[in-house]
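Trainee: Supplied in structure tokens, the structure appears directly below.
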């Protein structure tokens, strides 16, 4: 029987786990453990890192994994790179399940697209005023020193890893968000520019529509490059079809 390691933590990963469990496929979902109260998928779950390439290789061998689905966040490039390297060396089929980004959003052409968080900060500096940073707590170190005395609004799921400047406003909440709420938030805090990353998905898209309604410029950090040559799927249904096709080929 196929045993699938599902590298998860996303809504798409939870959807896929439900699809595969319904089909009777043996799965283990793996979460990075960076969120204190994660939304858990159905089925067996492990939490925490593997210990790099060597640790992941050992885990796949010890648990007789016959396929891996990388359904991690679009910006979890390190885990994706490790999965591609290990699966290639072991001859284990690998699928990348990634929700579409926001490049096809009706407003995408009007946004400022940048390659990294430093460039995002520089683009926000050209606008001035109060930035609204929604790129996650692990990206904040790119801005702390440069914006130490500047009013900044930051939205996080988890508490910041280190103390943030006194001038900053930290909002703790988890999506999904709605457009009306996002508009109210931006008005209340006098937001002049939105900093986000091309995460895609329905949970956080509302801020983009709210920015359009309010005329707030948007700066978007593009997704990092992923390993070439890896099969991909855009949703859980397609990923489940890929997995079950592998199982049927094994008879």
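In the working numbering, the protein residues as written are 3 to 253. Every residue, glycine too, gets a C-beta built ideally from N, C-alpha and C.
1. Between the beta-carbon of residue 58 and the beta-carbon of residue 84, is there less than 8 Å?
2. With a Cβ-Cβ cutoff of 8 Å, do residue 13 and residue 99 count as a contact?
3. Is the beta carbon of residue 193 closer than 8 Å to that of residue 221?
4. In terms of residue numbering, what span does the beta strand (DSSP E) encompassing residue 119 cover?
5. Could you check how far apart the C-beta atoms of residue 152 and residue 168 are, in whole angstroms? I think they sit under 8 Å.
6. In this structure, how does DSSP classify residue 159 when only helix, strand and coil are distinguished?
7. Quick check on residue 30: does DSSP put it in helix, strand or coil?
8. Taking just the CA atoms, how far does residue 102 sit from residue 90?
9. Let's test the definition: count the other Cβ atoms within 10 Å of the Cβ of residue 106 and tell me whether it reaches 16, buried, or not, exposed.
10. Out of curiosity, what's the CA-to-CA distance linking residue 227 and residue 200?
Mentor: Inspection of the coordinates gives the following:
1. yes
2. no
3. no
4. First-last for residue 119: 119-129, but that is the alpha helix (DSSP H), not the beta strand (DSSP E).
5. Wrong, their Cβ atoms sit about 11 Å apart, outside the cutoff.
6. coil
7. strand
8. 25 Å
9. exposed
10. 12 Å
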